[in-house]
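J.: Just so you know, my numbering puts 346 at position 291 of the sequence shown, and the rest follows in order with no gaps. Ideal placement from N, C-alpha and C gives every residue a C-beta, glycine not left out. As the structure is a computational prediction, the values presented were derived from the model and not from experiment.
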Amino acid sequence: MRDSPGFQRRLKMVSTLLLSVPETHVTDLLHATFPQDPVGQERYPTTPFAPYNSFSISVSIHHSVSLYEGDFFSANHQPPQKLVDYVKEHGLKDKYIAETPLGRVSDESHWSIVTMALNRELRRDLTWALCSDVEHIRILTIPLSDIGRYLSLVDRFESLRDVTFLLDRHLSDEGANMDEITPEELAVHNQQRDERVQHLDQMVLFVQELRQRHRNVLQTATYYGLYPGDYDGCPEEYQEKLVRLLPPLLDPQALGSNNWNQFATKVKETNLSAVKDITPPQNHSGASSLPRLLEKSPFLHRCRSLESIRLKSITDDVFQWAVDERRQHDADISAGCTPQRPLVPLQYATVNNERPTDGRLINDIGYSFGETLKTLGFYSYATIDNEEFVDLGECSVGGSPSWSLCWHAPQLANLIIHADHNFLRIHPSLLAQCPQLKAVVLVDRRHEYSASDITRWEPAELGQLETLTLQGSPALSFNLETLNTARKLKTISLRTSAHYVLPVAELDEPENDSVGLPPSASVTAPSPIPPWRPIWTWDWDLPRLTELTLTGEIAYRFQFKMLQGTPSLVQLNVDSRPTTGIHKRTLGVKEFLQKTQEIETMGGAQDDDDNNSNNNDGSNDNILGMQSKYIQLPALRTLTLRGTWVLDTEVLESLCRMVPGVTNMSLQGCGGFSLVDWVGTTSRLLMSIRHAMASIPVAAELASKAGLVEMEVHGEDQEYVLYQLGQLSVGRTAEDKLNYYFYFYP
56 MRDSPGFQRR
66 LKMVSTLLLS
76 VPETHVTDLL
86 HATFPQDPVG
96 QERYPTTPFA
106 PYNSFSISVS
116 IHHSVSLYEG
126 DFFSANHQPP
136 QKLVDYVKEH
146 GLKDKYIAET
156 PLGRVSDESH
166 WSIVTMALNR
176 ELRRDLTWAL
186 CSDVEHIRIL
196 TIPLSDIGRY
206 LSLVDRFESL
216 RDVTFLLDRH
226 LSDEGANMDE
236 ITPEELAVHN
246 QQRDERVQHL
256 DQMVLFVQEL
266 RQRHRNVLQT
276 ATYYGLYPGD
286 YDGCPEEYQE
296 KLVRLLPPLL
306 DPQALGSNNW
316 NQFATKVKET
326 NLSAVKDITP
336 PQNHSGASSL
346 PRLLEKSPFL
356 HRCRSLESIR
366 LKSITDDVFQ
376 WAVDERRQHD
386 ADISAGCTPQ
396 RPLVPLQYAT
406 VNNERPTDGR
416 LINDIGYSFG
426 ETLKTLGFYS
436 YATIDNEEFV
446 DLGECSVGGS
456 PSWSLCWHAP
466 QLANLIIHAD
476 HNFLRIHPSL
486 LAQCPQLKAV
496 VLVDRRHEYS
506 ASDITRWEPA
516 ELGQLETLTL
526 QGSPALSFNL
536 ETLNTARKLK
546 TISLRTSAHY
556 VLPVAELDEP
566 ENDSVGLPPS
576 ASVTAPSPIP
586 PWRPIWTWDW
596 DLPRLTELTL
606 TGEIAYRFQF
616 KMLQGTPSLV
626 QLNVDSRPTT
636 GIHKRTLGVK
646 EFLQKTQEIE
656 TMGGAQDDDD
666 NNSNNNDGSN
676 DNILGMQSKY
686 IQLPALRTLT
696 LRGTWVLDTE
706 VLESLCRMVP
716 GVTNMSLQGC
726 GGFSLVDWVG
736 TTSRLLMSIR
746 HAMASIPVAA
756 ELASKAGLVE
766 MEVHGEDQEY
776 VLYQLGQLSV
786 GRTAEDKLNY
796 YFYFYP
């Protein structure tokens with residue numbers, strides 16, 4: 056906004072700089088946009104202004120910065136009157152629209168055309184004005200459409216070290232309907248393309264002249280379009296011409312999009328000892344792509360200060376040099392010798408590979424840089440193009456199958472692996488070897504499984520853990536004893552296929568082969584199947600937990616007593632919808648009760664048996680005599696319970712009393728209560744609820760009896776019918792509309 060402090064500061068700064076610029080460099084457009092101080096003050100008073108502009112060593116006006124405030128097409132937010140008058144007097148709006156021949160046959164609006172064109176002209180004029188003392192300029196961004204003016208100043212650019220060319224006119228026909236363009240418009244467009252070629256030639260000539268006349272000064276020359284991903288970027292032939300004129304990068308600290316091409320032409324000549332970050336351009340292909348560079352001239356081992364790297368489509372052996380260095384380093388220490396040189400201090404490693412992996416690349420990073428590593432991310436997503444190649448082989452993480460020891464990463468805070476192409480087999484002690492973990496995300500695509508497919512993990516002490524997201528094999532392998540020490544957890548997501556749960560007989564198998572056997576038998580008759588199933592106690596203290604998501608088998612085994620240790624919970628999603636139809640859970644009132652110490656003592660072993668049972672019979676014996684209260688989740692706003700859960704009206708009421716502040720509640724697939732009970736209980740006990748979803752057959756007469764009015768809105772595929780509560784219950788206002796969605800499927 057024009058009155059904002061930020062805009063006023065920018066206006067004042069530019070106006071002050073222009074006061075010390077020769078009058079011949081300040082155009083009428085700049086005068087109209089950046090007015091001088093109050094009326095009556097002479098531009099050139101007797102006492103001269105301080106030559107602020109002569110101290111400028113960097114002139115770079117970013118393409119995303121608008122140099123004026125306001126909208127010429129809005130009556131309520133016009134630019135400054137002086138600028139409005141100037142634009143009108145010179146007919147700039149019509150001029151700019153005429154200079155954008157593709158605007159009529161594309162989605163580009165007049166507002167966008169005028170805004171971009173006026174900023175382009177202002178950027179050219181202001182950059183030229185601020186370059187009046189060119190001898191001091193070290194860093195400069197030149198609008199490409201204005202390159203001709205700068206060619207005459209090459210001799211004076213004696214300090215110019217870094218130059219960037221802004222391709223400031225958008226000429227791409229992407230999104231334009233070229234069949235509708237007129238011959239006149241096409242002629243203008245072709246003329247602009249010819250001018251672009253001329254400007255690109257002048258760009259190369261400018262750099263060539265600088266290198267010849269000030270050979271050891273210019274270090275970098277880059278370019279960019281009007282916005283990220285611009286289709287109208289610099290043609291490859293000009294990119295190659297430009298970078299071949301430049302010297303090797305001078306002791307770079309980072310390799311990325313702005314200097315990658317220059318580096319790629321002189322890999323061997325570049326000193327890489329100071330490089331801390333490598334982020335190659337993601338869409339580069341051909342000779343300058345990272346895989347091709349590494350194949351032709353490996354260089355990662357020369358980056359001795361490397362702290363962060365992002366890789367894509369890389370071979371599994373790219374870090375073999377680091378493995379060799381780590382082995383030699385450890386061997387030197389074991390022999391009592393001083394290591395030949397320090398290990399590379401890599402802290403952040405991210406890899407995107409669209410193909411299967413056996414885990415070697417992940418393990419090489421973890422082993423080689425384990426002492427300094429803080430973030431390890433590996434992403435292998437299945438796409439439409441590569442889906443047919445997904446073979447779902449095993450990916451071993453933590454160590455190869457032949458290793459007995461797991462690599463150690465004492466500083467690792469973020470471990471993220473998305474393996475769409477593989478089943479993950481995580482080393483049982485991996486989490487225990489990473490005690491500082493804050494975020495763990497381990498995902499694979501395992502759906503159906505048997506006990507032999509799962510490797511049980513060892514418990515780990517993760518006192519810093521805040522985010523735990525496990526899907527597929529990792530979710531089934533996770534040792535829930537780890538939650539005993541993870542009191543800082545804020546998010547838990549344990550997902551397996553919501554539609555697959557092991558047969559009940561397998562779920563009820565004893566935890567190990569000694570359960571229920573006399574001591575002698577437990578020693579002499581070991582089971583051929585190793586214990587694998589985690590212990591499910593559901594009694595963890597997680598005071599900071601705000602989001603809990605469980606699906607599949609884990610959701611089926613869920614016990615509500617866990618919620619007694621999660622007072623900050625905001626979202627709860629328990630989703631178990633096996634297609635077998637035999638995994639039914641019947642809930643009782645005491646599922647939601649918070650017992651006192653006295654009741655826990657009185658309950659004895661019977662309560663423990665009830666709590667660990669998968670099929671609660673719903674009996675409420677002795678509940679009226681117990682001094683107890685409902686578990687309270689005052690912060691819970693979203694509750695989703697999906698699957699073949701059975702809860703009668705009394706249990707439904709108990710559930711509602713546990714979550715009095717919920718705004719969204721879904722019991723899809725659940726049964727045991729009627730439509731009238733569902734509407735009556737939720738509308739009476741949940742005063743904040745706005746959306747209630749259930750899978751209850753609904754008829755007009757029954758809905759009317761429940762006080763519902765059918766709305767005209769349905770799902771796109773007629774997947775549900777929407778009703779609203781017709782009469783407001785006590786405590787509700789007209790704005791508190793309560794929507795009931797009845798789904799036609801579980």
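(1) What three-state label does DSSP hand Trp-166 in the structure shown?
(2) Look at Arg-410 and His-473 and say whether their C-beta atoms are less than 8 Å apart.
(3) Any heavy atom of the ligand PLP closer than 7 Å to the CB of Gly-716?
(4) What does DSSP give as the partner residues of Trp-700 in its beta bridges?
(5) I'd like the list of long-range same chain contacts for Gly-158, defined as Cβ closer than 7 Å, with 5 residues on each side in sequence excluded.
(6) Can you list the beta strand (DSSP E) stretches of 3 or more residues lying completely in the region 716–758, in chain order?
(7) Under DSSP, the beta strand (DSSP E) around Tyr-775 begins and ends at which residues?
(8) Tell me Ala-309's beta-bridge partners as DSSP assigns them.
(9) Report all residues from its chain with a CB closer than 8 Å to the CB of Leu-624; omit the five preceding and five following residues, and keep chain order.
(10) For the candidate residues Gly-726, Thr-736, Val-764, whose alpha-carbon lies nearest to that of Ser-750?
(11) So, using beta-carbon positions, are Val-51 and Val-644 closer together than 8 Å?
(12) Please report the distance separating the alpha-carbon of Thr-71 from that of Pro-90.
(13) Is Gly-448 helix, strand or coil by DSSP?
(14) Determine the direct distance from the alpha carbon of Gly-203 to that of Arg-270, and round the result to whole angstroms.
(15) So, for Gly-284: in the same chain, excluding its five sequence neighbours on each side, which residues have a beta-carbon less than 7 Å away from its beta-carbon?
(16) Using only the alpha-carbon positions, how far apart do Leu-327 and Cys-358 sit?
(17) Measure the CB-CB distance between Ala-758 and Met-720 and report whether it falls below 8 Å.
(18) Is there a Cβ of chain C sitting closer than 8 Å to that of Tyr-279, yes or no?
(19) State buried or exposed for Ile-388, treating a residue as buried only when at least 16 other CB atoms are found within 10 Å of its CB.
(20) Would you list, in sequence order, the uninterrupted beta strand (DSSP E) runs of no fewer than 3 residues that lie entirely inside the region 363–413?
(21) Which runs of the alpha helix (DSSP H) at least 4 residues long sit entirely within the region 197–261? Give them in chain order.
(22) Between which two residues does the beta strand (DSSP E) containing Gly-432 stretch?
(23) Note down the Cα distance separating Ala-464 from Ser-423, rounded to an integer number of angstroms.
(24) Measuring straight from C-alpha to C-alpha, what distance separates Gly-391 and Arg-381?
(25) Return the CA-CA distance between Asp-499 and Thr-693, expressed in angstroms with no decimal places.
(26) Do Leu-366 and Tyr-279 have their C-beta atoms closer together than 8 Å?
(27) I'd like the span of the alpha helix (DSSP H) that includes Val-556, first residue to last.
(28) Assuming Thr-695 and Cys-711 form a contact by the criterion Cβ under 8 Å, report the distance between their Cβ atoms to the nearest whole angstrom.
(29) Measuring straight from C-alpha to C-alpha, what distance separates Leu-859 and His-145?
(30) May I ask which residues mark the beginning and end of the beta strand (DSSP E) holding Arg-612?
(31) Measure the C-alpha to C-alpha separation of Asp-596 and Pro-134 and round it to an integer number of angstroms.
(32) Which residue or residues does DSSP assign as beta-bridge partners of Tyr-796?
(33) Whole angstroms are fine: how far does the CA of Asn-313 sit from the CA of Val-373?
(34) Nearest to Glu-426 by alpha carbon, out of Cys-450, Asn-408, Val-378?
(35) So the candidates are Tyr-796, Lys-639, Lys-296, Ala-342; which of them puts its Cα closest to the Cα of Leu-557?
T.: According to the data block:
(1) helix
(2) No Cβ-Cβ contact shorter than 8 Å links Arg-410 with His-473.
(3) Of the ligands one can find in the structure shown there are none, so the ligand PLP has no counterpart to examine.
(4) The bridge partners DSSP lists for Trp-700 are Arg-640.
(5) Ile-152, Ile-168
(6) 719–722, 746–749
(7) 775–780
(8) Partner(s): Asp-332.
(9) Leu-600, Thr-601, Glu-602, Leu-603, Leu-618, Leu-688, Ala-690, Leu-691
(10) That would be Gly-726, whose Cα lies nearest to the Cα of Ser-750.
(11) Only positions 56 to 801 of the chain appear in the structure, and residue 51 is not among them; the question remains open.
(12) 10 Å
(13) strand
(14) 21 Å
(15) Note that Gly-284 scores 49 on pLDDT, short of 50, meaning its location in the model is unreliable and no value can be drawn from it.
(16) 5 Å
(17) no
(18) Absent here is chain C; the protein component of the structure consists of one chain.
(19) exposed
(20) 363–367, 403–407
(21) 202–206
(22) Note, Gly-432: beta strand (DSSP E), 430–435.
(23) 10 Å
(24) 15 Å
(25) Taking the CA atoms as reference points, Asp-499 sits about 27 Å from Thr-693.
(26) It is not a contact, given that the beta carbons lie outside the stated cut-off.
(27) Here Val-556 belongs to no alpha helix (DSSP H), and DSSP marks it neither H nor E.
(28) No, Thr-695 and Cys-711 are not in contact; Cβ-Cβ is about 15 Å, not under 8 Å.
(29) Only positions 56 to 801 of the chain appear in this structure, which leaves residue 859 out of reach.
(30) No beta strand (DSSP E) holds Arg-612; DSSP gives it neither H nor E.
(31) 59 Å
(32) Met-748, Leu-777
(33) 24 Å
(34) Val-378
(35) Lys-639
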